[in-house]
Amino acid sequence: MFEDKSVLITGGTGSFGKKYVETILARSNPRRVIVYSRDELKQFEMAQEFNDPCMRYFIGDVRDQDRMTQAMRGVDFVIHAAALKQVPAAEYNPTECIKTNIHGAENVIKAALENNVEKVIALSTDKAANPINLYGATKLASDKLFVAANNMAGGHPTRFAVVRYGNVVGSRGSVVPFFRKKIAEDVEFLPITDERMTRFWITLQDGVNFVLKNFERMHGGEIFVPKIPSVRIAELARAMAPDLPHKFVGIRPGEKLHEVMCPADDSHLTLEFDDHFVIQPTITFAAANNDFDTNGLGEKGKPVAQGFEYNSGANEEFLDTAGILEFNERAGA
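FYI, in our numbering the residues of the sequence shown are 2 to 334.
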């Protein structure tokens, strides 16, 4: 669906953006792929690797409405990946997090509507489900904005959806490169927040594939959640360094023991498909498709049981040591 189309990705120099660009260039012949971000050095470095004639590098901040609108002229599809994501940094710098994650989301929506973009997918996070930290709260607000934008569209053709998933193996700031760094430093132990801690586990490529597939599935207003395995962080440490002891250092400010992607409070809105869940909007759209049981690919979902929660600690699939090592190798982490 991206043949001869123009695609823009905000925060495009991040881990997701690079893998997304690599993937779409390998699978399609887009007319333009626009990387929109505010770091000129990262754009310069990325341009050395991705210099296809269709590539465009656009310096700008999602906080800048005018620049965002200018960047989206003639664009067909948008992936909104820009965000301030570090939980402790958000706790210490709340207004900065709000400006990027909430006001930036508003700017993306306004720019997309003004330019009659066809479809927009915003990347969310498990931390937006029952948030206990500011980062999660801002991403929940962002999710609500993108869902409600389908009502704001009015006569515009633009449709908006959200993709939510958890820990990306090997991405910047994640636990695998942190453990690898500690192991390389020949430390005496690996620091672990809590022995009970679990996380959902997804590769960067699988995350990109899921987003691309949901451009075809979406009607507008959905929150898409992939079915993925969980890991126990202590088991991850044992898999990566079998001979290193662990030191439990306590949970960081705003951190959870387990990730939640489909909260129990949303169970009456949640549909289960073969390989993913869909959280339906809480509101009804005046001029859009409100039937989410069958998606754009003809796949059919069914309601989950009342009180169902998709929780990394109660997941049906956990990776053992061998599974973790295979998964990490597949992720290149």
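Ideal Cβ positions, reconstructed from N, Cα and C, are used throughout, including at glycine.
query, result
"Using 8 Å as the Cβ pair cut-off and three pairs as the minimum, do the stretch 191-203 and the stretch 150-162 touch?", "no"
"With DSSP collapsed to three states, give me the class of L85.", "coil"
"Would you mind working out which of E92, A106, T101 sits nearest I133, comparing C-alpha positions?", "E92"
"Would you say the beta carbon of E327 is closer than 7 Å to some non-hydrogen atom of the ligand NAD?", "Looking for the ligand NAD in the displayed structure turns up nothing, as the structure carries no ligands at all."
"What does the alpha-carbon distance come out to for the pair E4 and V79?", "15 Å"
"I think A112 touches T159, with their Cβ atoms under 8 Å apart; what is that distance to the nearest whole Å?", "Contact flag wrong, Cβ pair sits at about 10 Å."
"Which residue marks the beginning of the beta strand (DSSP E) containing R28, and which one marks its end?", "Looking at the DSSP string, R28 is not in any beta strand (DSSP E); the run it does join, the alpha helix (DSSP H), is 16-28."
"For my contact list, H220 and G167 are in at a C-beta cut-off of 8 Å; report their separation, rounded to the angstrom.", "At roughly 24 Å, the Cβ-Cβ gap does not stay under 8 Å, so H220 and G167 are not in contact."
"Relative to the C-alpha of L135, which residue among E256, K6, D321 is closest?", "E256"
"Distance check for V169 and S268, CA to CA, integer angstroms please.", "25 Å"
"Any idea which residues DSSP pairs M56 with across the strands?", "V34"
"Confirm, please, whether the CB-CB distance from M47 to V36 is below 8 Å.", "yes"
"In chain order, what residues of the same chain lie with their CB nearer than 8 Å to the CB of L258, ignoring the 5 residues before and after it?", "D195, R197, M198, T199, I252, G314"
"Consult DSSP for S313 and reduce its assignment to one of helix, strand or coil.", "helix"
"Whole angstroms is fine: what's the gap from G324's alpha carbon to V209's?", "21 Å"
"So for E186, helix, strand or coil by DSSP?", "coil"
"Following the continuous alpha helix (DSSP H) through R218, name the residue where it begins and the one where it ends.", "205-218"
"Hey, how far is the Cα of F309 from the Cα of F278?", "12 Å"
"What residues match up with C263 in a beta bridge as DSSP calls it?", "Y311"
"Using 10 angstroms around the beta-carbon of N151, count the other beta-carbons present and answer buried if the total reaches 16, otherwise exposed.", "buried"
"Which runs of the beta strand (DSSP E) fall wholly inside the stretch 103-127 and span at least 3 residues, in chain order?", "120-124"
"Which of the three DSSP states is assigned to T96 in this structure?", "helix"
"Could you tell me how far apart the beta carbons of M262 and R165 are, in whole angstroms, since I believe they sit closer than 8 Å?", "6 Å"
"Hey, could you find the ends of the alpha helix (DSSP H) L326 is sitting in?", "322-332"
"Since T159 sits in a beta bridge, which residues does DSSP pair it with?", "In the DSSP output, where bridge partners are listed per residue, T159 has none listed."
"On a CA-only basis, which of A149, A162, R33 is nearest A82? Give me that one, please.", "A162"
"Flag this pair as yes or no: are the beta carbons of S125 and S16 separated by less than 8 Å?", "no"
"Tell me the DSSP bridge mates of P227?", "H277"
"Measuring CA to CA, which of V34, L26, N52, N131 is closest to A265?", "N131"
"Assign F225 to one of two classes, buried (16 or more other C-beta atoms within 10 Å of its C-beta) or exposed (fewer than that).", "buried"
"Just verifying my parser: in three-state terms, what is the DSSP assignment at V164?", "strand"
"Just how far apart, CA to CA, sit E119 and E327?", "38 Å"
"For the alpha helix (DSSP H) holding S143, just list the boundary residues, first then last.", "135-153"
"Could you tell me the alpha carbon to alpha carbon distance between D40 and P304, rounded to whole angstroms?", "43 Å"
"Looking at the secondary structure, which residues open and close the alpha helix (DSSP H) in which F45 lies?", "41-50"
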